[in-house]
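>
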Amino acid sequence: MTQDRDDEVGVFRALADPTRRQILEDLRAGELAAGDIAGRFPISAPSVSRHLGVLKSAGLVRERREGNRILYSLVEERLAASVGRFLSAVCPEQIVLRHSRRRGIEGEGKA
2 MTQDRDDEVG VFRALADPTR RQILEDLRAG ELAAGDIAGR FPISAPSVSR HLGVLKSAGL
62 VRERREGNRI LYSLVEERLA ASVGRFLSAV CPEQIVLRHS RRRGIEGEGK A
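Counted the way this note's numbering counts, the sequence shown spans residues 2 to 112.
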C-alpha cells in the first residue's frame, strides 16, 4: 500500500464510528474544548478522548492548547479531499453532474 492509500484507510476507519462522525458534525460550528465535546456524549471522558485521538491521527481534527484546555477544530480540507477522491473514483459521473448543476445555479445569478 502507498502512503496516500494508508492515510485514506485511516480516514475511513475514523469515519466508520458514529460517535466520531457526531464529533465532526459538532465541530462544524467551530472550535470546541475537549470537555465540551465529552459533555455531549453519554460515554466516559476517556472514551471521548480516544475517539478524538483517532480523529487526530486520521488528520480530521487538529488540537491546540490554551492554558490547561485542549481545543479541537475540524480539518475540513482533509475530510473533503479524502471523501472527494473516493467519490470521484467510485462515481465520477455524479461529480461531473454536481459541478454542472452548481455552475448552472451560479450562472443564473450573473445574467
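Yeah, the Cβ is synthetic: ideal placement off N, Cα and C, and Gly gets one too.
Between PRO52 and the rest of its own chain, which residues show a CB-CB distance below 8 Å, the 5 nearest in sequence each way excluded?
Residue 52 sits at position 51 when you count from the first residue of the sequence shown. Per the sequence shown, the amino acid found at residue 52 is His instead of Pro. In chain order, ASP18, THR20, ARG21, ILE24 place their CB closer than 8 Å to the CB of HIS52, counting only its own chain and leaving out the 5 sequence neighbours on each side.
> Taking only three categories from DSSP, how would you classify LEU16?
Residue numbering aside, residue 16 sits at position 15 when the sequence shown is read from its first letter. DSSP places LEU16 in helix when its eight states are reduced to three.
> Return the chain-ordered list of same chain residues with a C-beta closer than 7 Å to the C-beta of ALA39, the five sequence neighbours on each side being excluded.
One-based indexing of the sequence shown puts residue 39 at position 38. Excluding residues within five positions, the ones whose Cβ falls inside 7 Å are ALA46, VAL49.
> Go ahead and pull the three-state DSSP assignment for ARG79.
Taking the sequence shown and counting its residues from 1, the one referred to as residue 79 is at position 78. ARG79 falls in the helix class under three-state DSSP.
> Go ahead and pull the three-state DSSP assignment for ARG41.
If you number the sequence shown from 1, residue 41 lands on position 40. The DSSP-derived three-state label of ARG41 is coil.
> Compute the Euclidean distance between the alpha carbons of GLY54 and GLU94, then round it to the nearest angstrom.
Position 53 of the sequence shown holds residue 54. Position 93 of the sequence shown holds residue 94. Looking at the two C-alpha atoms, the distance is approximately 35 Å.
> How would you write the range of the alpha helix (DSSP H) that ARG29 sits in, first residue to last?
For the purposes of this step, residue 29 is taken as residue 28 along the sequence shown, with counting starting at 1. Careful: ARG29 lies outside any alpha helix (DSSP H) and carries neither H nor E.
> Quick check: ARG70 and GLY31, are their CB atoms within less than 9 Å of each other?
Residue 70 sits at position 69 when you count from the first residue of the sequence shown. Residue 31 sits at position 30 when you count from the first residue of the sequence shown. No, these two residues do not count as a Cβ contact at 9 Å.
> In chain order, what residues of the same chain lie with their CB nearer than 6 Å to the CB of LYS111, ignoring the 5 residues before and after it?
Stepping through the sequence shown from its first residue, residue 111 is reached at position 110. For LYS111, the predicted structure reports a pLDDT of 49, less than 50, and the residue's modelled location is therefore unreliable. The matter cannot be settled from this model.
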